[in-house]
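Asks: Taking this note's numbering, the leading residue of the sequence shown gets 37, the next gets one more, and so forth. Quick reminder that beta carbons are idealized off the backbone N, C-alpha and C, glycines included.
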Amino acid sequence: MKRIVVLTGAGISAESGLRTFRDTDGLWEGYDVQEVATPQAWQRNPVLVQEFYNMRRKAVIAAQPNAAHYALAALEEKYEVTIITQNIDDLHERAGSTKVMHLHGIITRSQSSKNPAFTYPINGWELKMGELCELGSQLRAHVVWFGEDVPMIEPALRICANAEVFILVGSSLAVYPAAGLINYVPDNVTKYVIDPKIPDISRVNSLIKIEAMATVGVPELVNKLLNNKQ
Ligand code: APR
37 MKRIVVLTGA
47 GISAESGLRT
57 FRDTDGLWEG
67 YDVQEVATPQ
77 AWQRNPVLVQ
87 EFYNMRRKAV
97 IAAQPNAAHY
107 ALAALEEKYE
117 VTIITQNIDD
127 LHERAGSTKV
137 MHLHGIITRS
147 QSSKNPAFTY
157 PINGWELKMG
167 ELCELGSQLR
177 AHVVWFGEDV
187 PMIEPALRIC
197 ANAEVFILVG
207 SSLAVYPAAG
217 LINYVPDNVT
227 KYVIDPKIPD
237 ISRVNSLIKI
247 EAMATVGVPE
257 LVNKLLNNKQ
C-alpha cells in the first residue's frame, strides 16, 4: 500500500469547536502562552497552569471529530496512513485513525513533572494538585510546552522522509521543529496543503494548494485519493 503522511495542526479541529492559536491575536483562550504554556509558568503558578489545561481537557472531551478527521480515517481503506499531529486533542483517534503520532503530547494523559517519559491516562477532565507520579512528583498535563524538547521529532522526520504522498492540514507552520517537517519530504513527492489561509511555503516543491476549510477540502481530496484520481 502507498504511504501517505498527514501533518495536522489546530485548523483541523477548528470546526469541532477547538480554537486555533494564531487566529486570535496571539492569545490562547484569552491567555498569553508565556503565562500558561512554558516551564517558567509552571514554576511560577502551577495552579493556574493546571486549571488552564483542565479547561482545555474539558473542551476536548466535549468536542466531536469532524468530517476532516473522519475522512482521514477512511483513507486507511486503501493507504498506509500515518498522521503526525501537533494537536493535543484526541479527535483523530476518536474518528478511527489507527496510526497517530502526537508531536506536542496529548491532553487526555498526565505526565510526571520530574521525568516526561512517565505518562498516565487521566480519568475525566480534572487533574488535581496533589496527584503524584510514581516518582513522587506532581502530575501535569502531557503536553510539550514552549522551550521544552519535542521527543517525537526524530521518528517524525524519518516518517516524512519515507512519505509517498504528503498532506498538510490546518497549520500555520509557525512553530519549529514541527514546521520543518515538510522539508524532509522528498522533492518529487506530491504535497497537498489544505488551509483557508495557505502558509508561506514557496520554497517547497511539488505543492498542490487547496484553499479551503478542513471539513470541505479534506473529504474532497480523500475521495479523489480513494478513487485514484489524484
Ligand atoms: N480548516 C483548515 N484550516 C484552518 C481552519 C479550518 N476550518 N481554520 C483555521 N485554519 C488554519 C489557519 O489558517 C492557520 O493556518 O489553521 C492554521 C492554524 O494555525 P495555528 O493557530 O498557528 O496552529 P498550529 O499551526 O497547529 O500551531 C502549532 O503552536 O502554539 C503552538 O504547540 C502549539 O501545536 C501548536 C503549534
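#1: Bridge partners of Lys-227, per DSSP?
#2: Could you pull the start and end residues of the alpha helix (DSSP H) that Val-116 belongs to?
#3: Quick one: which unbroken alpha helix (DSSP H) runs of 4-plus residues sit fully inside the segment 107 to 175? Chain order, please.
#4: Measure the alpha-carbon distance for Pro-191 versus Glu-184 and round it to whole angstroms.
#5: Per DSSP, Leu-43 is paired with what?
#6: Between Arg-58 and the rest of its own chain, which residues show a CB-CB distance below 7 Å, the 5 nearest in sequence each way excluded?
#7: Mark Gly-253 as exposed unless 16 or more other C-beta atoms lie within 10 angstroms of its C-beta, in which case mark it buried.
#8: Could you tell me the alpha carbon to alpha carbon distance between Asp-126 and Ser-133, rounded to whole angstroms?
#9: Would you check if the distance between the CB atom of Val-225 and the CB atom of Glu-200 is smaller than 8 Å?
#10: For Gly-172, tell me which candidate among Leu-163, Phe-88 and Asn-151 has the shortest Cα-Cα distance.
#11: Under 7 Å Cβ to Cβ from Asn-198, same chain only, skipping five residues before and after it: list those, please.
#12: Arg-58: beta carbon under 7 Å from a heavy atom of the ligand APR?
#13: Please list, in chain order, all residues of the same chain as Ser-149 whose beta carbon is under 8 Å from its beta carbon, the five residues on each side excluded.
#14: For the alpha helix (DSSP H) containing Gln-86, list its first residue and its last residue.
#15: Between the Cα of Arg-43 and those of Trp-181, Leu-243, His-138 and Asp-223, spot the shortest distance and give me the residue it belongs to.
#16: Suppose contacts are defined by Cβ-Cβ distances below 8 Å. Is Gly-141 in contact with His-178 by that definition?
Replies: Reading from the atomic positions:
#1: For the purposes of this step, residue 227 is taken as the residue at position 191 of the sequence shown. The partner list for Lys-227 (beta bridge, DSSP) reads Phe-202 and Leu-243.
#2: Position 80 of the sequence shown, counting from 1, holds the residue named residue 116. Note on residue identity: the sequence assigns Glu, not Val, to residue 116. That residue, Glu-116, is in no alpha helix (DSSP H); its beta strand (DSSP E) goes 116 to 121.
#3: 127 to 131
#4: Walking along the sequence shown from the start, residue 191 turns up at place 155. Walking along the sequence shown from the start, residue 184 turns up at place 148. Answer to the nearest angstrom: the Cα atoms are 17 Å apart.
#5: Within the sequence shown, numbered from 1, the residue matching residue 43 stands at position 7. Bridge partners of Leu-43: Ile-120 and Leu-204.
#6: Counting from 1 along the sequence shown, the entry for residue 58 is found at position 22. The beta carbon of Arg-58 sits closer than 7 Å to those of Ser-208 and Ala-210, all from its chain and outside the five residues before and after it, given in chain order.
#7: As a position in the sequence shown, residue 253 is number 217, starting the count at 1. With 16 or more Cβ atoms within 10 Å of its Cβ, Gly-253 is classed as buried.
#8: Walking along the sequence shown from the start, residue 126 turns up at place 90. Walking along the sequence shown from the start, residue 133 turns up at place 97. Approximately 10 Å, taken between the alpha carbons.
#9: Residue 225 sits at position 189 when you count from the first residue of the sequence shown. Residue 200 sits at position 164 when you count from the first residue of the sequence shown. Inclusion of Val-225 and Glu-200 in the CB contact set at 8 Å is warranted, their separation being smaller than that value.
#10: Mapped onto the sequence shown, residue 172 falls at position 136. Residue Asn-151 holds the alpha-carbon nearest to the alpha-carbon of Gly-172 among Leu-163, Phe-88 and Asn-151.
#11: Stepping through the sequence shown from its first residue, residue 198 is reached at position 162. Arg-39.
#12: As a first step, residue 58 must be located in the sequence shown, where it is residue number 22. Because some heavy atom of the ligand APR lies under 7 Å away, the Cβ of Arg-58 counts as near it: yes.
#13: Here residue 149 is taken as the residue at index 113 of the sequence shown, counted from 1. Cβ neighbours of Ser-149 beyond the five flanking positions: Trp-78, Cys-169, Ser-173, Gln-174, Leu-175 and Arg-176.
#14: Position 50 of the sequence shown, counted from the start, is the residue given in the question as residue 86. 82 to 98 is the span of the alpha helix (DSSP H), which, as asked, contains Gln-86.
#15: Counting from one through the sequence shown, the residue named residue 43 turns up at place 7. Note that residue 43 is Leu in the sequence shown here, rather than Arg. The candidate whose alpha carbon is nearest that of Leu-43 is His-138.
#16: Taking the first residue of the sequence shown as position 1, residue 141 is located at position 105. Taking the first residue of the sequence shown as position 1, residue 178 is located at position 142. Taking 8 Å as the Cβ cut-off, Gly-141 and His-178 qualify as a contacting pair.
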